[in-house]
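Visitor: Here this note's numbering is used: the first residue of the sequence shown is 51, the next is one more, and so on. Where a beta carbon is used, it is the ideal one built from N, C-alpha and C, also for glycine.
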Amino acid sequence: HEAGLLDNICRAVHNERSDVPKQCSALAIMNLSNGDMDHVPEMARNDLVLETLLKLMKEENPETRRNAVVTIFNVACSDQNTVRLARYRDGTILEALIELVGSDDPVLRTHDEARANAAETIFNMSCSEISETTDRMANHAGLLECLAVTLRGEHTGLEVKMYCSATLRRMAELIKHPMIAQGALLSALVKAATWTNTDCIAEAFRAQASFRDNCVIMAHHHGLLNALSRLALTRGEGADAEKVRMASCLAIELMSRHDEARALLSQNEGIIMALTKASYGEEERDGDLRESNMSELEGSVTGFMDTSGKSEDDLSLQSRRIQVALKNLVGAM
Numbered sequence: 051h052e053a054g055l056l057d058n059i060c061r062a063v064h065n066e067r068s069d070v071p072k073q074c075s076a077l078a079i080m081n082l083s084n085g086d087m088d089h090v091p092e093m094a095r096n097d098l099v100l101e102t103l104l105k106l107m108k109e110e111n112p113e114t115r116r117n118a119v120v121t122i123f124n125v126a127c128s129d130q131n132t133v134r135l136a137r138y139r140d141g142t143i144l145e146a147l148i149e150l151v152g153s154d155d156p157v158l159r160t161h162d163e164a165r166a167n168a169a170e171t172i173f174n175m176s177c178s179e180i181s182e183t184t185d186r187m188a189n190h191a192g193l194l195e196c197l198a199v200t201l202r203g204e205h206t207g208l209e210v211k212m213y214c215s216a217t218l219r220r221m222a223e224l225i226k227h228p229m230i231a232q233g234a235l236l237s238a239l240v241k242a243a244t245w246t247n248t249d250c251i252a253e254a255f256r257a258q259a260s261f262r263d264n265c266v267i268m269a270h271h272h273g274l275l276n277a278l279s280r281l282a283l284t285r286g287e288g289a290d291a292e293k294v295r296m297a298s299c300l301a302i303e304l305m306s307r308h309d310e311a312r313a314l315l316s317q318n319e320g321i322i323m324a325l326t327k328a329s330y331g332e333e334e335r336d337g338d339l340r341e342s343n344m345s346e347l348e349g350s351v352t353g354f355m356d357t358s359g360k361s362e363d364d365l366s367l368q369s370r371r372i373q374v375a376l377k378n379l380v381g382a383m
């Protein structure tokens, strides 16, 4: 019987002191988690399995850790399971994933693969359609900060950072005033604003600014305007750097529509400089803008849109909105 087999494999992990049975058990459980979707949900409902995976994720052997995390990833591929994983022992599984992602130790470079799998698992869980899953993630102490700090990690691989930035962007789509987690999210985005390899953090700011009630809170948040202006002044050529600059400027433009936020924006030298460069540099960069397929600015709160194939008129409209924002900020000085 498959369920009995799984329980016996798990018991071996807890009863054996030798590393070999643990390694074999981690591999066996991972292989079982690749089964059909009628079986995998049973793993999420089995406390012995989850306790075993938690134990295996902390083993010294890198392959054992990796196989345990891959199992969690496989289980989380079923959306209904994400709630069970997020709930389990009040977030113990989330905490184990965070510890792996945040362990930026050069001595432990051998577990880079497990870190990447853990970061991917967190990202996939953040994409859940079940609000309880994402709410528990948003409110889990230290999760958002860990993602931001990991982006600055000196010994962290690119794949891990890509998933961390994507998760922050996803959470920025979901968290808004008056949710308790918003303060933690904004602090995380300020710390993460050094990330410019993709436009995820810039887009996260834009997502936050697309909720009107967020704008004043953002403008008052310590360090946020400086962080946003640095993103908007990102150096570099090519479409990727231009996406970061444009998404940041569009976030500023959205914030500038609110009177109280506009007054604070107008007092920030970096914000004014960023909009000035974006406004008066448009003619020179016009060709780059057309190629970069930047995110379309929407007056609604519908989240992110597919921006491929945007017309020149769309890009021109974005440019005009930035110019109007600059004019309004200068008028508010």
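Assuming alanine 254 contacts arginine 295 (C-beta within less than 8 Å), just tell me the rounded distance between them.
Guide: Between arginine 295 and alanine 254 the Cβ distance is about 15 Å, and since that is not below 8 Å, they are no contact.
Visitor: Could you check if alanine 188 is buried or exposed, using at least 16 other CB atoms within 10 Å of its CB as the buried criterion?
Guide: buried
Visitor: Write down the C-beta distance between serine 215 and alanine 242 rounded to the nearest angstrom, noting that I regard them as a contact closer than 8 Å.
Guide: 7 Å
Visitor: What residues in its chain sit with their C-beta under 6 Å from that of glutamate 182, if we drop five residues either side in the sequence?
Guide: Val133
Visitor: At what residue ranges does the region 155-197 contain a whole run of the alpha helix (DSSP H), taking only runs of 4 or more?
Guide: 162-176, 181-189
Visitor: Considering Cα atoms alone, identify which of Ile148, Leu208, Met221 is closest to lysine 108.
Guide: Ile148
Visitor: By DSSP, does alanine 243 sit in helix, in strand, or in coil?
Guide: coil
Visitor: In three-state DSSP terms, what is lysine 108?
Guide: coil
Visitor: Suppose the cutoff is 8 Å on Cβ atoms and the five residues either side in sequence are ignored; what does the same chain contact list for asparagine 111 look like?
Guide: Asp69, Lys72, Gln73
Visitor: Tell whether a beta-carbon distance below 7 Å holds between cysteine 60 and valine 99.
Guide: yes
Visitor: Rounded to whole angstroms, what's the CA-CA distance from aspartate 57 to asparagine 124? Just pull it up for me.
Guide: 18 Å
Visitor: Grouping DSSP H, G and I as helix and E and B as strand, with all else coil, what is histidine 51?
Guide: Because the pLDDT of histidine 51 is 42, which lies under 50, any placement of that residue in the model is unreliable, and the question is left without a value.
Visitor: Which term fits tyrosine 213, buried or exposed, when burial requires 16 or more other beta carbons within 10 angstroms of its beta carbon?
Guide: By the Cβ neighbour-count rule, tyrosine 213 is buried, with 16 or more other Cβ atoms within 10 Å of its own.
Visitor: Per DSSP, what kind of secondary structure is lysine 327 in: helix, strand or coil?
Guide: helix
Visitor: Just how far apart, CA to CA, sit alanine 252 and arginine 370?
Guide: Linking alanine 252 to arginine 370 through their CA atoms gives a straight-line distance of about 20 Å.
Visitor: Buried or exposed for histidine 64, please, with buried defined as at least 16 other CB atoms from any protein chain shown within 10 angstroms of its CB.
Guide: exposed
Visitor: Under 7 Å, do leucine 275 and isoleucine 321 count as touching if we go by C-beta distance?
Guide: Yes; because the gap between Cβ atoms is below 7 Å, this pair is in contact.
Visitor: Comparing the C-beta of phenylalanine 261 with each C-beta of chain B, is any distance below 7 Å?
Guide: Judged by its chain identifiers, the structure shown contains no chain B, having just a single protein chain.
Visitor: Report all residues from its chain with a CB closer than 6 Å to the CB of valine 120; omit the five preceding and five following residues, and keep chain order.
Guide: Met80, Asn167
Visitor: Enumerate in chain order the residues of its own chain whose CB-to-CB distance from serine 316 is below 6 Å, with the five nearest sequence positions on each side excluded.
Guide: Correct list, in chain order: Leu379, Ala382, Met383.
Visitor: Determine the closest residue to methionine 229 out of Ala311, Asp263, Arg312, Leu367, with distance taken between C-alpha atoms.
Guide: Asp263
Visitor: With C-beta atoms as the reference, is leucine 376 less than 7 Å away from leucine 325?
Guide: Contact: yes.
Visitor: On a CA-only basis, which of Gly207, Ser75, Thr206, Asp129 is nearest arginine 115? Give me that one, please.
Guide: Ser75
Visitor: Assuming aspartate 249 and alanine 297 form a contact by the criterion Cβ under 8 Å, report the distance between their Cβ atoms to the nearest whole angstrom.
Guide: 5 Å
Visitor: Please tell me whether leucine 104 and alanine 169 are closer than 7 Å, where the distance is taken between their beta carbons.
Guide: no
Visitor: By DSSP, does isoleucine 385 sit in helix, in strand, or in coil?
Guide: Lying before the first or after the last residue shown, residue 385 is absent from the chain, which here runs from 51 to 383.
Visitor: Between leucine 106 and glycine 288, what straight-line distance do the alpha-carbon atoms span, to the nearest angstrom?
Guide: 44 Å
Visitor: Could you work out which residue in Met221, His270, Glu292 is closest to asparagine 247 when comparing CA atoms only?
Guide: Glu292
Visitor: Consult DSSP for cysteine 250 and reduce its assignment to one of helix, strand or coil.
Guide: helix
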